[in-house]
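Sequential numbering from 1128 applies to the sequence shown in our numbering.
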Amino acid sequence: MKKTLLLLIALLLLVNTAFAQEGMPFYEQVNAPKEGDAKELSAYAEFTPDNNKKNIFRMTDRDYDTRFKTKGITINLKEPVYGLYICFDDDPKAWRITEHTTTRTKNTSVIESPYLHQFVKLNGATQLRIEPVENKKEWFAIKEIFLFAEGNLPRYVQTWEEPKQKNDIMVFFAHPDDEMLFFGGLIPTYAGELNKDMVAVVLTPSNKLRKSELLNALWTAGLKTYPEFGPFNDKWSNKLDKAYKYFGKKKVRSYVTELFRKYKPDTVFTHDINGEYGHGMHRMCADAAMLAFDNAADPQKYPESAATYGTFEVQKLYIHLYPENQREFDWDKPLEYFDGLTGFQVAQAGYFCHTSQHRYEQFSVEPRDSKYSCYLFGLAKERQQ
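What follows is the structure, encoded as structure tokens:
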């Protein structure tokens, strides 16, 4: 028995060490509670769904791979709640929240935000009623609910904003997790530390779980504007032509040209032309971005989006690992916004949010001396002044 216990302890130590190596300490540091943060009340709430309570724990298990489907839910608390942070499983439609306070005040609000993860400020309610507005309730499945007492919002609570109509930087990548693996400290440095206007675009968002993981990662890395989720499904290929065949070359190139016109970034960062380790979707991002650099400025190319957004001249296009005009970015500077963590360390914290991908042991945020170094980009195109 004693030997078994010692083996278990040793195993736990190994597991903890493995988590530490994958960036767990950095994630904890980025999202560490601060003095004055609001108390989280979910553990003290009574949840009463319209349908049976089977699997109701899924709303508070902090596992974004589980969900609780319901027609509506009533929440009772012993102390007033001033904030609701809710994470939906599917793109939300209009939903209604009704508050009842200790003074018997009733307040009803209809929320029409399209964001998967939403925060709603409340008025000290002790009972909440949450339900979809429309009769069709199939979409109304909740991944996570967080309830807060009065105080400052913890750093992990996402209060998204719409991207600006004119941006400093666009980071354009194929899959959720690529933005950390291959772009490293780009988002932490420019969006978090330097507060640049940045929009993130993921070409193939994959599935509902990976959308939530991406939101958690981007927010951890300091981005405050909601990302653009592309309309394409992830498919494996190791050739550019095969990747294009899945969706249609014209459709992809038109979409990327429209992105450049819609968000008007001065600078764009995207994947390696060889797809890093050869992924066709990565190659397609780079190829379409190279063409869109010129197409976005030409009113004769894809005139529909030109009519909607106007033409636009991107000033610089950086391609990961591009061999010409190379620049090694410094992701090792301590960042004040992240309490002294470096951009690389914050990227590791961001990748920790992509929990569904941790089973692929070959993936990690690519260090400076790696074949796929997240520090190294080449200026593939630059607008001549």
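From the three backbone atoms N, C-alpha and C, an ideal C-beta is built for every residue, glycine too.
As the structure is a computational prediction, the values presented were derived from the model and not from experiment.
Excluding the five sequence neighbours on either side, which residues of its own chain have a C-beta within less than 7 angstroms of the C-beta of N1178, listed in chain order? The residue given as residue 1178 occupies position 51 in the sequence shown. Closer than 7 angstroms at the Cβ level, and outside the excluded window around N1178, lie T1197 and K1198.
Given I1202, which residues of its chain have a CB within under 6 angstroms of its CB, disregarding the five upstream and five downstream residues? Walking along the sequence shown from the start, residue 1202 turns up at place 75. Within the same chain, I1202 has close Cβ partners A1172, F1174 and L1255.
Between the segment 1312-1327 and the segment 1430-1443, do at least 3 Cβ pairs fall closer than 8 angstroms? no
Looking only at its own chain, which residues have a Cβ that is under 7 angstroms from the Cβ of P1114, when we skip the five neighbours before and after it? Any answer about residue 1114 is impossible in this case: the structure gives the chain only from 1128 up to 1512.
Taking the DSSP output, what are the residues bridged to M1297? In the sequence shown, the residue the question calls residue 1297 occupies position 170. DSSP output for M1297 lists V1326 and V1395 as bridge partner(s).
Given F1439, which residues of its chain have a CB within under 7 angstroms of its CB, disregarding the five upstream and five downstream residues? As a position in the sequence shown, residue 1439 is number 312, starting the count at 1. So the list reads F1387, R1388, K1391, A1423 and A1424, once near-sequence residues are dropped.
Answer yes or no: do Y1371 and M1411 have a C-beta to C-beta separation smaller than 8 angstroms? Translated into positions along the sequence shown, residue 1371 becomes position 244. Translated into positions along the sequence shown, residue 1411 becomes position 284. It is a contact, given that the beta carbons lie within the stated cut-off.
Using C-beta distances below 6 angstroms, list every residue in its chain close to S1236, excluding the 5 sequence neighbours before and after it, in chain order. Here residue 1236 is taken as the residue at index 109 of the sequence shown, counted from 1. For S1236, where only same-chain residues beyond five positions count, the Cβ hits under 6 angstroms are I1224.
Determine whether the beta carbon atoms of G1278 and D1164 lie at a separation below 8 angstroms. On the sequence shown, residue 1278 is found 151 positions in, with the first residue counted as 1. On the sequence shown, residue 1164 is found 37 positions in, with the first residue counted as 1. Result yes, Cβ atoms of G1278 and D1164 sit closer than 8 angstroms.
Should Q1472 be labelled buried (16 or more other beta-carbon atoms within 10 Å of its own) or exposed? Taking the sequence shown and counting its residues from 1, the one referred to as residue 1472 is at position 345. Flag for Q1472 reads buried.
With a threshold of 7 angstroms on Cβ separation, who are the neighbours of L1506 within its own chain once the five nearest residues in sequence on each side are excluded? Counted from its first residue, the sequence shown places residue 1506 at position 379. Same-chain partners within the cutoff: K1443, Y1445, N1452 and R1454.
Within the segment 1321-1385, ranges of the beta strand (DSSP E) (whole runs, at least 3 residues): 1325-1329
Tell me, please, which residues DSSP counts as bridged to A1268. To locate residue 1268, count along the sequence shown from 1; it is residue 141. DSSP output for A1268 lists K1196 as bridge partner(s).
Neighbourhood of Y1212 by C-beta distance below 6 angstroms, restricted to the same chain and skipping five residues each side: Within the sequence shown, numbered from 1, the residue matching residue 1212 stands at position 85. Excluding sequence neighbours, Y1212 sits near F1246, F1273 and V1284.
Can the beta-carbon of F1310 be found less than 8 angstroms from the beta-carbon of F1420? Against the sequence shown, residue 1310 aligns to sequence position 183. Against the sequence shown, residue 1420 aligns to sequence position 293. Going by C-beta atoms, F1310 is not nearer than 8 angstroms to F1420.
Considering Cα atoms alone, identify which of N1250, A1221, S1240 and F1215 is closest to H1227. Walking along the sequence shown from the start, residue 1227 turns up at place 100. The residue with the shortest Cα to Cα distance from H1227 is N1250.
Segment contact, 8 angstroms Cβ cut-off, at least three pairs: the segment 1260-1272 with the segment 1215-1222: yes
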